[in-house]
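The structure under discussion appears below in the form of structure tokens.
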Amino acid sequence: MPFLGQDWRSPGWSWIKTEDGWKRCESWSQELKKENNQRDINHSIILSNEEEIFNSEEHKYASKKRKDDHFRNDTSTQCFYREKWIYVHKESTRERHGYCTLGEAFNRLDFSSAVQDIRRFNYVVRLLQLIAKSQLTSLSGVAQKNYFNILDKIVQKVLDDHQNPRLIKGLLQDLSSTLCILIRGVGKSVLVGNINIWICRLETVLTWQRQLQDLQMTKANDGLTLSDLPLHMLSDILSRFSDGWDIVTLGQVTPALRALSEDRQLWRRLCQHHFTEQQFCRHLILSEKGHIEWKLMYFALQKYYPTKEQYGDTLHFCRHCSILFWKDCRLALLFKDSGHPCTASDPDSCFVPVSPQHFIDLFKF
126 MPFLGQDWRS PGWSWIKTED GWKRCESWSQ ELKKENNQRD INHSIILSNE
176 EEIFNSEEHK YASKKRKDDH FRNDTSTQCF YREKWIYVHK ESTRERHGYC
226 TLGEAFNRLD FSSAVQDIRR FNYVVRLLQL IAKSQLTSLS GVAQKNYFNI
276 LDKIVQKVLD DHQNPRLIKG LLQDLSSTLC ILIRGVGKSV LVGNINIWIC
326 RLETVLTWQR QLQDLQMTKA NDGLTLSDLP LHMLSDILSR FSDGWDIVTL
376 GQVTPALRAL SEDRQLWRRL CQHHFTEQQF CRHLILSEKG HIEWKLMYFA
426 LQKYYPTKEQ YGDTLHFCRH CSILFWKDCR LALLFKDSGH PCTASDPDSC
476 FVPVSPQHFI DLFKF
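Residue numbers (the working numbering): 126 to 490.
What follows is the structure in structure tokens.
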């Protein structure tokens, strides 16, 4: 009979008893067997000139070896936990040995299902982008595999429903830049696994970029469209956007939306939401008539200062018990039935939302 453990000695692994003792079971994921068999990548952008000296036969052999290594790597055990909360402990105690790392948190929290939730989608994408910029090599081997598997789910979702393509393009651009730097020699000493696996991952990212670049938006079925809505409703829709590029993009749909997207008051409210008056004074842009060009100011200020990030749902952190969790409508039942260890008299007063950057900072020692 298999043994399932959920403590610090065996966090969710499946074990089976044999004549030689207990051995860990291997779970094979069918979703990971999809391979990009047709890749026409120019390898000069991946490898340095010294590594690129192949004849046609050697090049074919090296490409086949990379695919074989990548397949063996991605069909090994995957640690997709579906835990609602985890402890963020930074030191060893009598009850708990070791500490919680960024890779462990990424493995155990349910990011795979969060991708399918429209409220959490942008949050997960932003987190993956921050990890791609600076924390990719700090993840464990299993966490890195989970990272690329979750990224695959994100890309396939965008290709299917045609939503948020610009957001994913930015993520893939940052990830491909990081992988190029690592593979060309800067980070070879810190890469986990065979270099061929990383080359294949970069090829996959470049393939995703081409697929998103060729993505064609399909025309909606007959029915109510934006053009059928009254102007005051269209104006209210635009006023709810927090990203200037979304306003510009929507303004290209119809002439009426273009006129509404140029409204000075709309851009003024957007600037006041993201930036302070002191920042306005440093980068003031006036028209020939002496009016403030709020639209130009927004894009100018965006180059110098970070904009406020907004998410439909985020991870939360309990300052009393050091617990990181997804907060939802079933939180009360989670406390009662799942043994949530929060002992604060008023748990809600201890809960603080965790931004993607704060999530990464929690695991810096």
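Don't be surprised by glycine CBs; every beta carbon is placed ideally from N, CA and C.
Is it buried or exposed, residue i, if we count other Cβ atoms within 10 angstroms and call 16 or more buried?
| i | result |
| --- | --- |
| GLU144 | exposed |
| TRP392 | buried |
| PRO481 | buried |
| PRO380 | exposed |
| VAL315 | exposed |
| ILE485 | buried |
| LYS420 | buried |
| LYS461 | Confidence at LYS461 is low in this model, with a pLDDT of 46, below 50, so the placement of that residue is unreliable and no value is reported for it. |
| THR329 | buried |
| CYS406 | exposed |
| GLU160 | Its pLDDT being 41, under 50, GLU160 is placed unreliably in this model, and the value from its coordinates should be taken loosely. When all chains shown are included, GLU160 counts as exposed. |
| VAL477 | exposed |
| ALA384 | exposed |
| SER367 | exposed |
| GLU413 | exposed |
| ILE141 | exposed |
| LYS270 | buried |
| GLY348 | exposed |
| LEU409 | exposed |
| ILE170 | For ILE170, the pLDDT reaches just 45, beneath the cut-off of 50, and the residue's location in the model is therefore unreliable, leaving the point undetermined. |
| ASP199 | Here ASP199 scores only 49 on pLDDT, less than 50, and its place in the model is too uncertain to base an answer on. |
| GLY295 | exposed |
| GLY146 | exposed |
| GLY310 | exposed |
| LEU356 | exposed |
| LEU458 | The pLDDT assigned to LEU458 is 43, lower than 50, so where the model puts this residue is not dependable; a value taken from the coordinates is nonetheless given after this. When all chains shown are included, LEU458 counts as exposed. |
| HIS483 | exposed |
| GLU175 | Confidence in GLU175 is poor, its pLDDT being 39 and thus under 50, which makes the residue's placement unreliable; the coordinate value appears in the next sentence. Exposed is the call here. |
For residue i versus residue j, is the C-beta distance shorter than 9 Å?
| i | j | result |
| --- | --- | --- |
| LEU297 | GLN334 | yes |
| SER301 | LEU284 | no |
| ILE372 | LEU363 | yes |
| VAL250 | LEU292 | yes |
| HIS398 | TYR430 | no |
| ALA230 | PHE488 | yes |
| SER263 | ASN232 | no |
| LYS209 | PHE450 | yes |
| SER237 | ASN289 | no |
| ILE279 | LEU253 | yes |
| ILE324 | ILE306 | no |
| GLU402 | LEU411 | no |
Considering only DSSP beta bridges, list what residue i is partnered with.
| i | result |
| --- | --- |
| GLY376 | Looking at the DSSP assignment, GLY376 forms no beta bridge with any residue, so it has no partner. |
| PHE476 | CYS443 |
| TYR423 | TYR423 is not bridged to any residue. |
| GLY146 | THR143 |
| TRP370 | None, per the DSSP bridge assignment. |
| TYR212 | ILE448 |
| LEU411 | ILE417 |
| LEU234 | GLU208 |
If residue i and residue j are in contact, beta carbons under 8 Å, what's the gap, nearest whole angstrom?
| i | j | result |
| --- | --- | --- |
| LEU351 | LEU395 | So it is not a contact: roughly 20 Å between Cβ atoms. |
| THR332 | ALA257 | With a Cβ gap of about 17 Å, THR332 and ALA257 do not count as contacting. |
| VAL378 | LEU440 | Not confirmed; about 34 Å, so no contact. |
| SER447 | VAL213 | 5 Å |
| LEU340 | HIS416 | 39 Å between Cβ atoms; not a contact. |
Contact between the segment 421-428 and the segment 223-239 (3+ Cβ pairs under 8 Å)
Counting C-beta pairs with one atom in each stretch, the segment 421-428 and the segment 223-239 have fewer than three that are closer than 8 Å, which means they do not touch.
The segment 433-442 touching the segment 241-252, judged by at least three CB pairs closer than 8 Å
yes
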